[in-house]
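Report on the following structure.
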Amino acid sequence: MLMTPISLPWSYPRSLFGYFPRAFRHQSTLKTAPNLHKGIPPRHSFLTNPYLLLKNNLANLARFSNTAISNAFDDFPVQEDEGNPKGIDFLHIMEERGIRANHQTYLWLLEGCLNYGSLLCGQKLHGKILKLGFDSEHVLCDRIIDVYVACGDLDGAVKVLDDMHNRSVSSWNRIINGFAANKLTGRVLGLFRRMTAEKMSPDETTFAGVLRACGGSNVSFHHVEQIHARIIYHGFGAHTRMHTSGIAPTPYIFSSVLSACAKIELFDVGEQLHGLVFKEGFSCETYVCNALVTLYSRSGNLTSAEQIFSKMRYGDGVSYNSMISGLAQQGFSDRALELFKDMQLDCLKPDCVTVASLLSACASIGALHTGRQLHSYAMKAGMSSDLILEGSLLDLYVKCSDIDTAHKFFLATETDNVVLWNVMLVAYGQLGSLSDSFEIFRQMQIEGMLPNQFTYPSLLKTCTSVGALYLGEQIHTQVIKTGFQLNVYVCSVLIDMYAKHGKLDTALKILRRQTEEDVVSWTALVAGHAQHGMFAEALKLFLEMLNRGIRSDNIGFSSAISACAGIQALNQGQQIHAKSCVSGYSDDPSIGNSLVSLYARCGRIKEAYLAFEKIDDRDNISWNALISGFAQHGYCEEALKVFVQMTKAGVEVNLFTFASAVSAAANIANKKPGKQIHAMILKTGYSSETEVSNVLITLYAKCGGIDDAEREFRAMVEKNEVSWNALITGYSQHGYGIKALHLFEEMKKLGMMPNHITFVGVLTACSHVGMVNEGLDYFESMSKEHGLAPKPEHYVCVVNLLSRAGFLSRARRFVEDMPTKPDAMVWRTLLSACIVHKNMEIGEFAARHLLELEPEDSATYVLLSNIYAVAGKWDSRDYARQMMKNRGVKKEPGRSWIEVKNSIHAFFVGDRLHPLADKIYEYLKDLNEQAAEIGYVPDHCTLGEQGQRDATVHIHSEKLAIAFGLLSLSNTIPVHVFKNLRVCNDCHNWIKYVSKISNRAIVVRDAYRFHHFEGGICSCRDYW
1 MLMTPISLPW SYPRSLFGYF PRAFRHQSTL KTAPNLHKGI PPRHSFLTNP YLLLKNNLAN
61 LARFSNTAIS NAFDDFPVQE DEGNPKGIDF LHIMEERGIR ANHQTYLWLL EGCLNYGSLL
121 CGQKLHGKIL KLGFDSEHVL CDRIIDVYVA CGDLDGAVKV LDDMHNRSVS SWNRIINGFA
181 ANKLTGRVLG LFRRMTAEKM SPDETTFAGV LRACGGSNVS FHHVEQIHAR IIYHGFGAHT
241 RMHTSGIAPT PYIFSSVLSA CAKIELFDVG EQLHGLVFKE GFSCETYVCN ALVTLYSRSG
301 NLTSAEQIFS KMRYGDGVSY NSMISGLAQQ GFSDRALELF KDMQLDCLKP DCVTVASLLS
361 ACASIGALHT GRQLHSYAMK AGMSSDLILE GSLLDLYVKC SDIDTAHKFF LATETDNVVL
421 WNVMLVAYGQ LGSLSDSFEI FRQMQIEGML PNQFTYPSLL KTCTSVGALY LGEQIHTQVI
481 KTGFQLNVYV CSVLIDMYAK HGKLDTALKI LRRQTEEDVV SWTALVAGHA QHGMFAEALK
541 LFLEMLNRGI RSDNIGFSSA ISACAGIQAL NQGQQIHAKS CVSGYSDDPS IGNSLVSLYA
601 RCGRIKEAYL AFEKIDDRDN ISWNALISGF AQHGYCEEAL KVFVQMTKAG VEVNLFTFAS
661 AVSAAANIAN KKPGKQIHAM ILKTGYSSET EVSNVLITLY AKCGGIDDAE REFRAMVEKN
721 EVSWNALITG YSQHGYGIKA LHLFEEMKKL GMMPNHITFV GVLTACSHVG MVNEGLDYFE
781 SMSKEHGLAP KPEHYVCVVN LLSRAGFLSR ARRFVEDMPT KPDAMVWRTL LSACIVHKNM
841 EIGEFAARHL LELEPEDSAT YVLLSNIYAV AGKWDSRDYA RQMMKNRGVK KEPGRSWIEV
901 KNSIHAFFVG DRLHPLADKI YEYLKDLNEQ AAEIGYVPDH CTLGEQGQRD ATVHIHSEKL
961 AIAFGLLSLS NTIPVHVFKN LRVCNDCHNW IKYVSKISNR AIVVRDAYRF HHFEGGICSC
1021 RDYW
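Once you know that position 432 of the sequence shown is 432 in UniProt numbering, the rest is easy, because the numbers rise by one and skip nothing.
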């Protein structure tokens, strides 16, 4: 951050002898050191020209030395150009003459940078200092900070402070005063908080700088009170001097300051004052003890509060009120109600404060009956008109979901209390009733009630929860008109609203305009970026927040770890987790959930389970983190196992759980668990949810049930672009190109906007049915009609479209004219088509580029050898195979699998390990003979010797799986086979004949698409 250069408000001591290089001191042969000060002419320029002073001192020292350096300084630079001081040049000359500079030398050189305001010179010297290891010198680091501050590079100064091993109060003061001079109040307060968090005691200069920053700004008075309380406390540090002067602190002073510390949440200062209270002998004073009980109760240290309370000799109503209030605020409502009984036994009459605290306790545990009794007591005692009590009563009915009584009580109140209006706004907001919330707000304006800093946040939170951003933006306009746009609480809610709705730039602008920075605003922005997939930006903001001295809360840590999970930055995520533990969040469940997601998405299954087991209060969020993490990163079988464990554990399964589980089933194309999950969805009532229907469409499409996918799609009440994309892609994968294109046109007619995924499905559909011109038109329309820039996958589709249709030269030109460098998938698509169309020239051209990009990919060598085999170039084919062997590249073995009677049966090429292997091979022989009788001829074009042909062509893995399926499944059940590689020409032709012979439907899902065989015909119509 470069700011306007400023004059420094402090001066620097100049000890001349201390600035001479240590090496010169030891080179002198004199037994007594010379008086170097006598050799310095009393010229004013020495105060502003440290280089001239250093030169004269070095030369003077040389005169007393027996070494040959007396003339070493004649050409040292003396005259300075104010825009470009010669510090670095001076240093270079010293190095050339063999004169070693030490940290004292650098102090003088940095002084020159200060005098001339040269940031560049200071940065260069800083680099030299770091290289030489002088950055451990405290005085030197302070001077570097001075240079950055004076030259306006405040962020550079903070970086120096961050890197210092032992920061002093002087170092902090330099930074704080620099930011204060530039009116950066938020940064000053952040640095002050960070300073005190590091147990660094501020001094008078610190307080002066912080208060100067607060003066004239819109900073909350709350912060000024905190700083004032700290000043008071540091004044108490001199209590011995007060006694000497005849001024002794009184119990009343202690009570007042302790009460102030409790009020403004300056608990650390209050606890330190407690020690002084004990030392001064005031620990038995009732009003001092009351203040201490209040302090510890509000800080959450109920143990200390109860110890002081129990030792009080004369407890009064204030004492009881402090304890009851503290217990209620910290969630110990039952104990608060029990203490009220003790208060009654002590014959102490409860007042409005007592009843308000008890009502708060009842509200938190839903004790509506007890709350009603307290309400009755308050009315009889004449307290019902108390403003605080009215707010507590209304809050009771709202939190106990008795909205009707709350509304009646609200209407019955006669006071113009804005708090009551705000409570009603919160009540309707929690119910998600946007209309009622705005009706309350309208009535509030009609009655002339002025909103406060809590009114607008209540409305904005309601808008956020129901997704009404347009109304939230209108409220934002009113916020600006009424002058609340800089209020820290209002800003934090605005940032949260915009961040959750994806308007991250707007949220960031609000944050940058805040005069007072707080952790809620920062973490809301970090969480928003992480939730919308902007993981790197989320991490950058999180680190910036820490660098500004703002301590993160659990939400910030959780969001940052989630961002690390999104980009699989395991090490950084572990570091952030370690920092969260140091900050006291080691047992926080939200951080634990994010850690589970981090390990799961990084493929660390064991660590993910361990992190999961360490979460004490595991809820469905914990389980979902594990399931979705595995599912999204390919560990689908593990995801389904965890889903089963979750259901057995009786944990509530929600929409997100079902979506993740179905997605896992879809990715491994396992229809059975998908159908079981679908049945659970129907039972739990999530079947109408759009997100669930979308993953079900994908599941059935990937598992071969395109008809089931279509039925699910047509049954949907509400469809989004994901729904349409899922079925369009499904049709394309199954070879139903015409259906896919008709669905796309239907989508456009209904006003749905296609996206990049839509066009992948559309272009794939055109490719699979040979609609070249239509496909090219759709490709052109992406940018011209829909404003979508084609991505690499769209170029792959066009190459496939052209090359599959036999336009190989045209496909090659298209690849060469691409605006970006073609990736491996583009070249592999072109190479595969060259085999089908027997074009060795373009095939070799594509293979060369592919080998440059992926020299270890076995598919390239196999495809290239197949091209040579098709062309009858057996020597070249053997050379390609040998090159693959020499480079240690191993071909991925073909594997096919089929589900029979709830079990998955997998087969490899020539597999004889199956228990029914003999029966399968015997049946396979029979099928081959029957197929040959009706015209089947094996395709041997890619094989060499006849013996090799006979040993391999009849035993590809898909043939074994199909034969086993025909033997094991009922005649009415289609045979579904999945293969990890592309089906070869011979197997594709063979399956057509088998479907005719057996009169069975056979569905094969290979690495590229689905093939539906029935009656001797494939759905691809041999165009694949």
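Even glycine gets a Cβ: it sits at the ideal position worked out from N, Cα and C. Model, not experiment: these values are computed from the prediction.
Residue i and residue j closer than 8 Å at C-beta
i: Pro202; j: Val169; result: yes
i: Val519; j: Ile550; result: yes
i: Val490; j: Gln514; result: no
i: Ser171; j: Ile145; result: yes
i: Gly965; j: Val900; result: yes
i: Tyr320; j: Thr294; result: no
i: Glu637; j: Ile668; result: yes
i: Leu504; j: His529; result: yes
i: residue 1026; j: Ile697; result: Since the displayed the chain opens at 1 and closes at 1024, residue 1026 lies outside it and no answer follows.
i: Ser896; j: Ser957; result: yes
i: Val426; j: Tyr456; result: no
i: Asn593; j: Ile621; result: yes
i: Gln733; j: Phe1010; result: yes
i: Tyr106; j: Leu130; result: no
i: residue 1029; j: Ile728; result: The chain is shown from 1 up to 1024; residue 1029 falls before or after that span and cannot be answered.
i: Ile997; j: Ala931; result: yes
i: Leu368; j: Asp402; result: yes
i: Glu718; j: Thr690; result: yes
Cross-strand partners of residue i (DSSP beta bridge)
i: Trp897; result: Ala906, Phe978
i: Cys1018; result: Phe1013
i: Ile991; result: Beta-bridge pairing links Ile991 to no other residue.
Proximal residues to residue i (C-beta, below 7 Å), its chain only, five neighbours per side dropped
i: Tyr585; result: Asn554, Phe557, Ile591
i: Lys891; result: Ser858, Val862
i: Gln79; result: For Gln79, the predicted model reports a pLDDT of 46, less than 50, meaning its position is unreliable; a value from the coordinates is still stated below. Here the set comprises nothing.
i: Arg601; result: Ala565, Gln568, Gly629, Gln632, His633
i: Leu808; result: Ala833, Cys834, His837, Asn839, Ile842
6 Å Cβ shell around residue i - same chain, five flanking residues per side excluded
i: Asp74; result: Reliability fails at Asp74, whose pLDDT of 48 lies under 50, so the model's placement of it is uncertain and the value that follows must be treated cautiously. Result list for Asp74: empty, nothing under 6 Å.
i: Tyr599; result: Glu607, Ala608, Ala611
i: Met825; result: Val796
i: Ala701; result: Ala709, Gly730
i: His768; result: Gly735, Gly737
i: Tyr377; result: none
i: His1012; result: Val1003, Ser1019
i: Ala538; result: Val526, His529, Ala530, Ala563
i: Ser245; result: Note that Ser245 scores a pLDDT of 47, beneath 50, so its modelled location is shaky; the value from the coordinates is reported in the next line. Excluding positions up to five away in sequence, the list is empty.
Boundaries (first-last residue) of the alpha helix (DSSP H) holding residue i
i: Phe1013; result: Here Phe1013 belongs to no alpha helix (DSSP H); instead the beta strand (DSSP E) covers 1010-1014.
i: Cys193; result: The question names Cys, but residue 193 in the sequence shown is Arg. Counting along the chain, the alpha helix (DSSP H) containing Arg193 begins and ends at 185-197.
i: Arg1005; result: Premise fails: Arg1005 lies in the beta strand (DSSP E), 1002-1005, not in any alpha helix (DSSP H).
i: Pro938; result: Per DSSP, Pro938 belongs to no alpha helix (DSSP H) and is neither H nor E.
i: Met747; result: 737-749
i: Thr205; result: 204-214
i: Lys503; result: Run containing Lys503: none; DSSP gives neither H nor E here.
i: Leu960; result: 957-968
i: Pro673; result: 671-684
i: Tyr397; result: 387-399
i: Gly566; result: 554-566
i: Cys703; result: Segment: none, Cys703 is in no alpha helix (DSSP H) and carries neither H nor E.
i: His794; result: 792-804
Close-in-space but distant-in-sequence residues of the same chain around residue i (CB under 8 Å, 5 per side omitted)
i: Glu204; result: none
i: Leu525; result: Ile495, Ala499, Leu504, Ala507, Leu508, Leu511, Leu541
i: Leu374; result: Val355, Leu358, Leu359, Cys362
Within-8 Å CB hit, residue i to chain B
i: Asp911; result: Of the chains in the structure shown, none is chain B; there is only one protein chain.
- request: Only counting runs of 3 or more residues, tell me where the beta strand (DSSP E) segments fall wholly within the stretch 284-309, in order along the chain.
  value: none
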